[in-house]
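**Student:**
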DNA sequence: TGCCAATGTGGCACTAGGTGAAAATTGTGG
DNA sequence: CCACAATTTTCACCTAGTGCCACATTGGCA
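Residue numbers (the working numbering), protein chains in the order written: chain A, -11 to 213; chain B, -11 to 213.
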């Protein structure tokens, strides 16, 4: 089965699972129900997902995917707010009704995660992945290794800030905030949150030329071992 | 059953479970084995823990408990490194062999969490709780509400930094670092990491008198909704 | 001391999540 | 239409976890 095809099937299952989880809770939803809803046998569900809760992962992962993609394509010479703003504009024109529905489900799963530990896991794991990818991005921007302690600290703090903002915005949307209110000034707020969380090290444009000169400056020489 | 007694039983089960998890993996350990190791019936284990993996929670929670307790008792007029240093000294004189063994098990569970998703959950959940308690601490230090967006951002970033440092130090200890090398200069490093993650807002002494004047300054006026 | 009530524990049957392996179905090139 | 591989289904089976009732232990009280 092609990787793409597999991804689509998983996503399809995930949609139905998320819908059922939201409608009747995780405990109140059985594997059989998910299978019936998506029109596959139960066994096939377990072939695609190791557990019931993990059925929600693709829809959650997809809701952070654009953020991840945006961070991956962040050119060194641009500021974070600039890049977010242009990418958001591009995304807005590309996203279809399916994408909007998925985003809605993603937000609902985020909300469910507040009360369903099994889903909170999935959400935290998704954020965990953001953290790792962000470490790579930060490492290249600062000219350090991706497992440098300072890089890991910055990545963890920044992705934690992004998580909080995601939860905040998501909660707002579920409570009836008009999505059109999400304007450019919010990207400035997000970028500043990242700047604050990283002590100003991440968020501004970096000059390619000066990066090598700074390399090593941020490493954890002071930690005794 | 008294709350204290219940806590002790859970901890006892957790010790055996952690030992078995470390020795033979989570999947390789059955509920029956844990029950036998601790001398209780399997049924009683499930009365105390909702799942196999959650048996590791108390030992993990305990390993962040001293950190939590230290943060809770952080007086406004002291810097973070000062407070950590004195509390660590006090702790070192109080901790017994049992406490040391538990700390060792806690570090091992942290390490296992790298490969065992079920345990990573427990670890992230423990960190999640640190984040919440830290929010309360930060709120009082800054004179803001504990659910203020700025407070949540600082708490998330700071606790993420603490998590990374925990993982880093834990990994070091498991790889043979001498525990005695954990001196005062490390507390300065930790405190600086927290300072960086919070844009300098958390870590230094705060003057009680000036707190009310600053209240409201950090709120998220700029986010559009 | 002896009784009683509350509460923790054990045993056992049972549900549900999840897997292994072979049969059945679907898809695909000749 | 056939041969063949890839996927799905069917079915037996395993283990984590629950409901229920009987039993044991504890602690209060006369």
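All C-beta atoms in this analysis are idealised placements derived from N, C-alpha and C, irrespective of residue type, glycine included. Treat the numbers as computed from the prediction; the structure is a model and nothing was measured.
1. Determine contact between the segment 52 to 71 of chain B and the segment -7 to 10 of chain B, defined as no fewer than three beta-carbon pairs at a distance below 8 Å.
2. Along chain B, which residues have their Cβ under 8 Å away from the Cβ of residue 107 (chain A)?
3. Cα separation between residue -4 (chain A) and residue 94 (chain A)?
4. Within the same chain, show all residues whose beta-carbon is closer than 8 Å to that of residue 111 (chain B), passing over the 5 residues directly before and after it, in chain order.
5. Only counting runs of 4 or more residues, tell me where the alpha helix (DSSP H) segments fall wholly within the segment 166 to 191 of chain A, in order along the chain.
6. Report yes or no: do the segment 168 to 182 of chain A and the segment 63 to 71 of chain A share at least 3 C-beta pairs separated by less than 8 Å?
7. Does the segment 103 to 122 of chain A come close enough to the segment 75 to 85 of chain A that 3 or more CB-CB pairs lie under 8 Å?
8. What's the gap between the Cα of residue 147 (chain B) and the Cα of residue 61 (chain B)?
9. Would you mind sorting residue 63 (chain A) into buried or exposed? The rule is 16 or more other CB atoms within 10 Å of its CB.
10. Output needed for residue 158 (chain A): all residues of its chain with C-beta closer than 7 Å, excluding positions within five of it in sequence on either side, in chain order.
11. Residue 61 (chain B) by DSSP, collapsed to three states: which one?
12. For the segment 19 to 49 of chain A, which residues have a beta carbon sitting closer than 8 Å to at least one beta carbon of chain B?
13. Pull up the distance between the alpha-carbon of residue 145 (chain B) and that of residue 126 (chain B), whole angstroms please.
14. Using a Cβ cut-off of 9 Å (strictly closer), state whether residue 92 (chain B) contacts chain A.
15. Report yes or no: is there a C-beta of chain A within less than 9 Å of the C-beta of residue 112 (chain B)?
16. Residue 68 (chain B) touches chain A at which residues, Cβ-Cβ below 8 Å?
17. Can you list, in chain order, the residues of the segment 128 to 139 of chain B whose Cβ is nearer than 7 Å to any Cβ on chain A?
18. Should residue 90 (chain B) and residue 162 (chain B) be called a contact, given that it needs their Cβ atoms to be closer than 9 Å?
19. Skipping 5 residues on each side, what residues in its chain have a beta carbon closer than 7 Å to that of residue 43 (chain A)?
20. What does the Cβ neighbour count give for residue 86 (chain A), buried or exposed, with the cut at 16 atoms within 10 Å?
21. When you compare only the Cα positions, how much space is there between residue 104 (chain A) and residue 16 (chain A)?
22. Residue ranges of each alpha helix (DSSP H) run of no fewer than 4 residues wholly in the segment 28 to 52 of chain A, ordered along the chain?
23. Using only the alpha-carbon positions, how far apart do residue 131 (chain A) and residue 30 (chain A) sit?
24. With residue 287 (chain B) and residue 165 (chain A) assumed to form a contact (beta carbons below 8 Å), what rounded beta-carbon distance in angstroms separates them?
25. For residue 108 (chain A) versus residue 192 (chain B), is the C-beta spacing smaller than 9 Å?
26. Please list the terminal residues of the continuous alpha helix (DSSP H) segment that includes residue 2 (chain B).
27. In three-state DSSP terms, what is residue 137 (chain B)?
28. Under 8 Å Cβ to Cβ from residue 155 (chain A), same chain only, skipping five residues before and after it: list those, please.
29. Would you say residue 141 (chain B) faces chain A, with C-beta separation under 9 Å as the test?
30. Pick helix, strand or coil for residue 102 (chain B), following the three-state DSSP scheme.
31. Exposed or buried, residue 138 (chain A), counting other C-beta atoms within 10 Å across all chains shown (16 or more means buried)?
32. For residue 148 (chain A), would you say it is in contact with chain B, using Cβ-to-Cβ distances shorter than 9 Å as the test?
33. Exposed or buried, residue 136 (chain A), counting other C-beta atoms within 10 Å across all chains shown (16 or more means buried)?
34. For chain A, check one thing: does any of its Cβ atoms lie closer than 9 Å to the Cβ of residue 194 (chain B)?
35. To the nearest angstrom, how far is the alpha carbon of residue 128 (chain A) from that of residue 134 (chain A)?
36. Looking at residue 136 (chain A) and the ligand PLP, is the gap between the Cβ and the nearest heavy atom below 8 Å?
**Tutor:** Put simply:
1. no
2. Here the premise fails: no neighbours, minimum Cβ distance about 11 Å.
3. 16 Å
4. 48, 97, 98 and 101
5. 172 to 185
6. yes
7. no
8. 16 Å
9. exposed
10. 95, 98 and 99
11. coil
12. none
13. 12 Å
14. no
15. yes
16. Chain A residues near residue 68 (chain B): none, gap ~15 Å exceeds 8 Å.
17. 137
18. no
19. 1, 2, 5, 22 and 37
20. exposed
21. 12 Å
22. 30 to 36
23. 49 Å
24. Outside the displayed span of chain B (-11 to 213) sits residue 287 (chain B), for which this structure offers no information.
25. no
26. -9 to 12
27. helix
28. 98
29. yes
30. coil
31. buried
32. yes
33. buried
34. no
35. 8 Å
36. In the structure shown, the ligand PLP is absent, as is every other ligand, since no ligand is present at all.
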